Amino acid sequence: MKSAPEAVQAYSLDWLKSPVVILIAMIVGILTGLFFPAFSHMIAPVGAIYLKLLQMTIIPILMTALITSVGRLFSSESARHNIVKIIVSSLIFLFAISLLALVVSLLVGPGEDLSKEAQILLGKTLNAADQSDGGTQLGTSRGFFDFLQSMIPSNVFQAMGEGSNLSILFFSLVLGVATGKIGGSTAHHILNFTDALFKVLFKIISWIMYLLPFGLFSLLASELASTGAETLVAMAKFVAMIWGISLLIILLDTIVLCMATRRSPLVVLSAMKESMLIAFGTSSTFASMPAAIDGLTGDKLRMSPDIINLVIPLGAVINRFSMIIIYTSATVFAAQLYGISLSFPDLALALVLSVLAATAGAGAPGIVSIAMVSIVLIPLGLPAQAITILLLAINPIIDPIATLANIYTNVTLSAVIAASEKSSPNATA
Numbered sequence: 048m049k050s051a052p053e054a055v056q057a058y059s060l061d062w063l064k065s066p067v068v069i070l071i072a073m074i075v076g077i078l079t080g081l082f083f084p085a086f087s088h089m090i091a092p093v094g095a096i097y098l099k100l101l102q103m104t105i106i107p108i109l110m111t112a113l114i115t116s117v118g119r120l121f122s123s124e125s126a127r128h129n130i131v132k133i134i135v136s137s138l139i140f141l142f143a144i145s146l147l148a149l150v151v152s153l154l155v156g157p158g159e160d161l162s163k164e165a166q167i168l169l170g171k172t173l174n175a176a177d178q179s180d181g182g183t184q185l186g187t188s189r190g191f192f193d194f195l196q197s198m199i200p201s202n203v204f205q206a207m208g209e210g211s212n213l214s215i216l217f218f219s220l221v222l223g224v225a226t227g228k229i230g231g232s233t234a235h236h237i238l239n240f241t242d243a244l245f246k247v248l249f250k251i252i253s254w255i256m257y258l259l260p261f262g263l264f265s266l267l268a269s270e271l272a273s274t275g276a277e278t279l280v281a282m283a284k285f286v287a288m289i290w291g292i293s294l295l296i297i298l299l300d301t302i303v304l305c306m307a308t309r310r311s312p313l314v315v316l317s318a319m320k321e322s323m324l325i326a327f328g329t330s331s332t333f334a335s336m337p338a339a340i341d342g343l344t345g346d347k348l349r350m351s352p353d354i355i356n357l358v359i360p361l362g363a364v365i366n367r368f369s370m371i372i373i374y375t376s377a378t379v380f381a382a383q384l385y386g387i388s389l390s391f392p393d394l395a396l397a398l399v400l401s402v403l404a405a406t407a408g409a410g411a412p413g414i415v416s417i418a419m420v421s422i423v424l425i426p427l428g429l430p431a432q433a434i435t436i437l438l439l440a441i442n443p444i445i446d447p448i449a450t451l452a453n454i455y456t457n458v459t460l461s462a463v464i465a466a467s468e469k470s471s472p473n474a475t476a
């Protein structure tokens, strides 16, 4: 039993992790960014430092989680069954998100009925982008072999230093499979070590969480201070639609998550609140990944760590639901702005290309991911560079909610797979 001084030392700072404190910090950050832009730019380094602290642990967590989970997966006889289940479930979720975003975009019509002021401002931006295009596009698609080459690291330590998530993912998967296949005491010792290291990294994350209110305040203030107000107003309908689609996805995810975990919405949201706040405040799926894993495997939801520790890191790199929302919605928006009618085959192609573009952009930084909208727009005869410029202008406003929808959908996918594995007759004890 802890003495009084030890108890005070252990729990005196827990109020910093309170959802109320975190929400207040976010609200104050938003107001500061809108009304005090100079001060917001001045405190931007605070947010950058906080993100670096989080990123310091993300790559080791990604590697240890995947090596441990894949190693244990391939050491059992159910490996092929689980892998097929993960792939099929991921594809179902990817196409479902793309279809939902497409349907809502068509119903809302973000590029229709714009005010004259918005039409003039967007018209100037589009014309300037079209004239400077010169027949080239800002975002160029990667061929299959280019994608494969970028995925395989020539130097894994260099990939770790550069934060190349796709290369790290590939190496971790290969190492996990090899460890599982050798079996015996060697595999047992390796997997026990990576699992122990994974738990140590979570302890470090728990310390960093005490700084969460300060990090979110600075990040939101500096991001909003950098947003162009004029372009934001002109694209208000599109921005509102992205937020609406993301919130609808979060609502549907909550319903599915409640069914998969057999818990009430209040319990589910309570378990996931920390990861959701981190995702919204930092606009980083990877920063929120440790809290998401902890929420699913913790005392409230108690999902299988072996499945969760595999699917969430894997999905954080490959299943980019946020980009699918943006690509699909931007395609409809661009067609309406330019007065181009999309036929049913065009819409079907946009749906498929959005999934392919999001997958092909795995591991790419944010600005490159947005530019890869060209993979969807160019085959449909839509101007990629002009739309990319507009998306970059509003990205600070749509990125937080899209990131939240992204991590929450990955959480839901992981819970569905874990629940189906638990009820499967092939599941091992």
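Each residue of the sequence shown is one higher than the last, beginning at 48 in our numbering. Glycine included, every Cβ here is placed at the ideal spot set by N, Cα and C. Treat the numbers as computed from the prediction; the structure is a model and nothing was measured.
Rounded to whole angstroms, what is the Cα-Cα separation between residue i and residue j?
i	j	result
Met282	Ala112	40 Å
Ala363	Ala334	10 Å
Tyr13	Leu100	Shown here, the chain extends from 48 to 476; a query on residue 13 therefore has no answer.
Asp346	Phe249	15 Å
Leu146	Ile372	9 Å
Gly181	Ile417	With a pLDDT of 46 at Gly181, under the threshold of 50, the predicted position of this residue should be treated as unreliable, and no value is reported.
Lys228	Pro107	22 Å
Leu361	Ala452	16 Å
Leu70	Pro392	44 Å
Ile74	Ile444	14 Å
Ile144	Ser351	25 Å
Ala338	Tyr385	42 Å
Phe261	Ala395	44 Å
Ala54	Leu343	Its pLDDT being 48, under 50, Ala54 is placed unreliably by the model, and the measurement read from it follows with that caveat. Using only the alpha carbons, I get a separation of about 27 Å.
Ser65	Ile387	49 Å
Val402	Ala272	32 Å
Phe217	Ser467	26 Å
Val481	Met110	The structure shown does not extend to residue 481, since the chain is modelled only from 48 through 476, so no value can be given for it.
Val131	Ala91	44 Å
Val358	Phe368	14 Å
Thr406	Ala206	19 Å
Ala433	Gly208	34 Å
Val68	Trp62	7 Å
Ile340	Glu270	27 Å
Pro312	Thr301	7 Å
Gly158	Leu439	17 Å
Phe86	Leu78	12 Å
Which class does residue i belong to by DSSP, given the choice of helix, strand or coil?
i	result
Pro43	Here the chain comprises residues numbered 48 to 476, so residue 43 is not present and cannot be evaluated.
Met419	coil
Met129	Going by the sequence as given, residue 129 is Asn instead of Met. Asn129 falls in the helix class under three-state DSSP.
Gly345	coil
Leu266	helix
Ile144	helix
Phe249	helix
Leu60	coil
Ser122	coil
Leu154	helix
Gly94	helix
Pro200	coil
Ser388	coil
Phe83	coil
Ser331	coil
Gly230	coil
Asp160	coil
Ser495	The structure shown does not extend to residue 495, since the chain spans only 48 to 476, so no value can be given for it.
Ser401	helix
Ser211	coil
Ser477	Absent from the structure is residue 477, since the part of the chain shown begins at 48 and ends at 476.
Ser65	coil
Ser467	helix
To the nearest whole angstrom, what separates the beta carbons of residue i and residue j, a pair I think is in contact under 8 Å?
i	j	result
Thr332	Thr456	Wrong, their Cβ atoms sit about 10 Å apart, outside the cutoff.
Leu6	Gly328	A query on residue 6 cannot be resolved here, the shown segment of the chain reaching from 48 to 476 and no further.
Trp290	Ile441	The Cβ separation is near 11 Å, so there is no contact.
Leu427	Leu398	Contact flag wrong, Cβ pair sits at about 11 Å.
Tyr374	Ala404	6 Å
Arg119	Leu238	6 Å
Val38	Thr378	Nothing can be reported for residue 38: it is not among the residues displayed for the chain, which extend from 48 to 476.
Cβ of residue i less than 9 Å from any chain C Cβ?
i	result
Ile464	Note that chain C does not occur in the displayed structure, where there is just one protein chain.
- Would you check if there are 3 or more beta carbon pairs closer than 8 Å linking the region 455–468 to the region 288–307? yes
- Message: For the structure I just gave you, are there three or more beta carbon pairs, one from the region 80–96 and one from the region 200–217, closer than 8 Å?
- Response: no
- Message: Ignoring anything shorter than 3 residues, give me the beta strand (DSSP E) runs that lie fully in the region 348–385, in order along the chain.
- Response: none
- For the region 279–321, list the alpha helix (DSSP H) runs that are entirely contained and at least 4 residues long, ordered along the chain. 283–308
- Count the C-beta pairs between the region 112–121 and the region 229–246 that are closer than 8 Å, then say yes if the count reaches three, no if not. yes
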